[in-house]
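S.K.: Please read through the structure below; I'll follow up with questions.
2 protein chains.
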Amino acid sequence: MTTMRDVAERAGVSTATVSFVINGTKRVAPDTHARIVQAMDELGFRRNVLARALASRRTRIIALLSPVLDHRIGRTGMSIVTSAAVAASDRGYRLVLSPVSNDGREMKELLTDGLLDGVLLMEVQMDDQRVQKLTELGGTFALIGRTKDPSQLAYADIDFDRTVAEGLDYLVGLGHRQIALVLGQQEGTSLAGYGPYVRTEAAFREGMAARGLDPIVTSTEPSQRGGMSIVDTLLEETPGLTAIMVLNEDAAPGIVSRLAEVGRPVPLSASVLSIATTPALGAMSHPVLSTMNVPEVELGEHGVAALIDQLEGTMKELPQVLIPCTLQIEGTTGPAPAL
Amino acid sequence: MTTMRDVAERAGVSTATVSFVINGTKRVAPDTHARIVQAMDELGFRRNVLARALASRRTRIIALLSPVLDHRIGRTGMSIVTSAAVAASDRGYRLVLSPVSNDGREMKELLTDGLLDGVLLMEVQMDDQRVQKLTELGGTFALIGRTKDPSQLAYADIDFDRTVAEGLDYLVGLGHRQIALVLGQQEGTSLAGYGPYVRTEAAFREGMAARGLDPIVTSTEPSQRGGMSIVDTLLEETPGLTAIMVLNEDAAPGIVSRLAEVGRPVPLSASVLSIATTPALGAMSHPVLSTMNVPEVELGEHGVAALIDQLEGTMKELPQVLIPCTLQIEGTTGPAPAL
Chain A
1 MTTMRDVAER AGVSTATVSF VINGTKRVAP DTHARIVQAM DELGFRRNVL
51 ARALASRRTR IIALLSPVLD HRIGRTGMSI VTSAAVAASD RGYRLVLSPV
101 SNDGREMKEL LTDGLLDGVL LMEVQMDDQR VQKLTELGGT FALIGRTKDP
151 SQLAYADIDF DRTVAEGLDY LVGLGHRQIA LVLGQQEGTS LAGYGPYVRT
201 EAAFREGMAA RGLDPIVTST EPSQRGGMSI VDTLLEETPG LTAIMVLNED
251 AAPGIVSRLA EVGRPVPLSA SVLSIATTPA LGAMSHPVLS TMNVPEVELG
301 EHGVAALIDQ LEGTMKELPQ VLIPCTLQIE GTTGPAPAL
Chain B
1 MTTMRDVAER AGVSTATVSF VINGTKRVAP DTHARIVQAM DELGFRRNVL
51 ARALASRRTR IIALLSPVLD HRIGRTGMSI VTSAAVAASD RGYRLVLSPV
101 SNDGREMKEL LTDGLLDGVL LMEVQMDDQR VQKLTELGGT FALIGRTKDP
151 SQLAYADIDF DRTVAEGLDY LVGLGHRQIA LVLGQQEGTS LAGYGPYVRT
201 EAAFREGMAA RGLDPIVTST EPSQRGGMSI VDTLLEETPG LTAIMVLNED
251 AAPGIVSRLA EVGRPVPLSA SVLSIATTPA LGAMSHPVLS TMNVPEVELG
301 EHGVAALIDQ LEGTMKELPQ VLIPCTLQIE GTTGPAPAL
């Protein structure tokens, strides 16, 4: 078997320098680096991750935990996962996708088997038992999302306050005054206490009050049918309604098509703004939905950075990043109609 | 540090028996198993994956390669990934999500760094450079999908022949004779030579010919707009067209809505069947799309099994599994109209 010493001799450098290159522990001049890599190639030297990991007590493997056993990742979820995998790879880490249940019962095994340097959590709930378990066990972790009180935690999340405020600024600027918020149904599902709903509702109530307007908040089944039925309910209760903000991407197309059926077609007679969603999904509606898009790539990147910065001790303060959704105006929003 | 011997003494068993439990190499009576696990807990013995991996030369880590740098995983992709992660976990393996490019240039590093036991490929192309690289390098791998000639490869894929045949049986049974197939646009994109398109087109041409019918095959941009424009093109060229089979889930809703606009509403005046897609996506269309659903969970499970069976030498023959999509009749298909 080829050793580091063989590589060092071939490249004409010290064994320590070879070790710096293999372990990435110290910067080496580019031409020296190239010479060492060439020597390793010529000698068939394999950088064995395991041996290195045992020596350094670091594996450079992190796990992304998603409660996939209980709840399927939504459509926006995949872009976040992809972006996290790329960001981890860029920093020399590997991302393991670990299916765990919401109650966190597999957490201890994950942390104590010696494979993982740290874990990243997705689909975080307000009271998240996985976070409690990780904290108890003393593991290094970061969240994509936030718990109810995340002040002592590392996280990257959507800035729901700014997202809702910018959405309301846009709709109110178009003259809308009677605006409803439609969430996804959450009682009795694994989404009960789901952070995005809780934070969006709070921001909406506050934002409407700050603008001297009455908030209308409701929820419906995440489906075409759910979207259609909530339009009937809303218009019966509030005939003067002119705009609907939707945090329920599966129901948004149904809202748009039902509005047309009851003689309130968008964008002329009503406006629909689908928030925390993806443009690809908006493009499937007709007309194309105006959306506020989840910063998927940024969430994946900042989530990974929040974890790795802790692992490498390179952070100055606890990483806590909030990123607002970006407004994309398409065919379902327009000036408030004179009813 | 606690050793296996300490655990063995505490549990009153031999060190070999402790090893069977730790490495999962042999079945141990349930009460003995429980006693050993309790002893490990009490002594704080940590089953160290790395030490075990170095000893056995197996890490029980497999990678799922998806060319995410070039092409975003589609909506069906995520369920396959999730199912693969669960299936791997059930067999005591961990699934690493490795972003690699289509040309397979990172393949050598992946295989030679000692971390992975094997790799699973997704979004396989007819001529897939990653497969060539893996074959050259002698790595153990399996495909979710297939190359042009997969006879020597382990894979799990959609049975496009049976899917198209069952779809045609259904449409022809409803009286449709002039049937078009709409694919996604592929030239000049990373989907050029994408297996599902190639196989579906071949099966469609063959199936139509076998039924004495003329095949109409076209493609369009994967969007609402793409779906709408292809309806105009198709009806101009074939006014007697009554049914459209779609392998382009992002365009399907646009096809349905444009048909209504030009006076050919589904299901009364035309039928639309979206194939190799998910019911969740079909439910976003209005009326809800009739679909042939990708067997996502089965593909993930069989793909993982095809890989792990090779790794563990438990297979009798090369695992090659084809699974058809399942027909779900909803609101966009019905008897052929008398035009």
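Protein sequence lines, in the order shown, are assigned to chains A and B. Heads up, the first sequence is in the UniProt record's numbering, so the first residue is 1 and it goes up one at a time. Heads up, the second sequence is in the UniProt record's numbering, so the first residue is 1 and it goes up one at a time. Quick reminder that beta carbons are idealized off the backbone N, C-alpha and C, glycines included.
1) Do Leu-120(B) and Gly-300(B) have their CB atoms nearer than 7 Å?
2) Relative to the alpha-carbon of Leu-137(B), which residue among Gln-152(B), Glu-109(B), Gly-195(B) and Leu-115(B) has its alpha-carbon at the smallest distance?
3) Could you please give the first and the last residue of the uninterrupted alpha helix (DSSP H) stretch that includes Glu-110(B)?
4) Could you check what DSSP says for Leu-268(A) in three-state terms: helix, strand or coil?
5) Hey, could you find the ends of the alpha helix (DSSP H) Met-228(B) is sitting in?
6) State the Cα-Cα distance for the pair Phe-160(B) and Gly-195(B), rounded to the nearest angstrom.
7) If you draw a straight line from the alpha carbon of Ala-223(A) to that of Asp-250(A), how long is it in whole angstroms?
8) Measure from the C-beta of Val-96(B) to each C-beta in chain A and report whether the shortest distance is under 7 Å.
9) Specify the secondary structure class of Gln-310(B) as computed by DSSP and reduced to three states.
10) Please report the straight-line C-alpha distance between Pro-267(B) and Gly-104(B), rounded to a whole angstrom.
11) For the 8 Å Cβ check, are there 3 or more pairs between the region 86-103 of chain B and the region 83-97 of chain A?
12) Using a Cβ-Cβ cut-off of 8 Å (strictly less than) and excluding sequence neighbours within five positions of Met-208(A), which residues of its own chain qualify?
13) According to a CB-to-CB cut-off of less than 7 Å, which residues of the region 102-136 of chain B neighbour chain A?
14) So what does DSSP say about Val-100(B), is it helix, strand or coil?
15) Find the nearest neighbour of Ala-270(A) within the set Glu-106(A), Thr-278(A) and Ala-260(A), judged by alpha-carbon distance.
16) Is it buried or exposed, Lys-144(B), if we count other Cβ atoms within 10 angstroms and call 16 or more buried?
17) Could you tell me if Gln-185(A) is buried or exposed, where buried requires 16 or more neighbouring beta carbons within 10 angstroms of its beta carbon?
18) Give every residue of the same chain whose Cβ lies closer than 6 Å to the Cβ of Leu-318(A), excluding the five residues on either side of it in the sequence, and list them in chain order.
19) Among Thr-140(B), Pro-253(B) and Asp-128(B), which has the Cα closest to the Cα of Ala-306(B)?
20) Is there a C-beta anywhere in chain B that falls below 7 Å from the one on Pro-279(A)?
21) Would you give the residue range spanned by the alpha helix (DSSP H) that Asp-31(A) belongs to?
22) DSSP three-state call for Ile-323(B): helix, strand or coil?
23) Determine whether the Cβ of Pro-99(B) lies closer than 7 Å to any Cβ atom of chain A.
24) Just to confirm the assignment, what range does the beta strand (DSSP E) spanning Ser-66(A) have?
25) Look at the Cβ atom of Val-21(B), then the Cβ atom of His-33(B), and state whether they are nearer than 7 Å.
26) What do you get for Thr-200(A), buried or exposed, if any count of 16 or more other CB atoms within 10 angstroms of its CB means buried?
27) Short of 8 Å in beta carbon distance, which residues of its chain neighbour His-176(A), apart from the five on each side in sequence? Order them along the chain.
M.R.: Inspection of the coordinates gives the following:
1) no
2) Glu-109(B)
3) Note that residue 110(B) is Leu in the sequence shown, not Glu. Run containing Leu-110(B): 107-112, per the alpha helix (DSSP H) assignment.
4) coil
5) 224-237
6) 10 Å
7) Before going further, note that residue 223(A) is Ser rather than Ala in the sequence given. Those two C-alpha atoms are separated by around 5 Å.
8) yes
9) helix
10) 45 Å
11) yes
12) Leu-168, Ile-179, Asp-214 and Pro-215
13) Thr-112, Asp-113, Gly-114 and Leu-115
14) coil
15) Ala-260(A)
16) The displayed chain sequence assigns Ile, not Lys, to residue 144(B). The residue in question, Ile-144(B), is buried, as its Cβ has 16 or more Cβ neighbours within 10 Å.
17) buried
18) Ala-154
19) Thr-140(B)
20) no
21) 30-43
22) strand
23) yes
24) 61-66
25) yes
26) buried
27) Thr-242, Ala-243, Ser-271 and Ala-336
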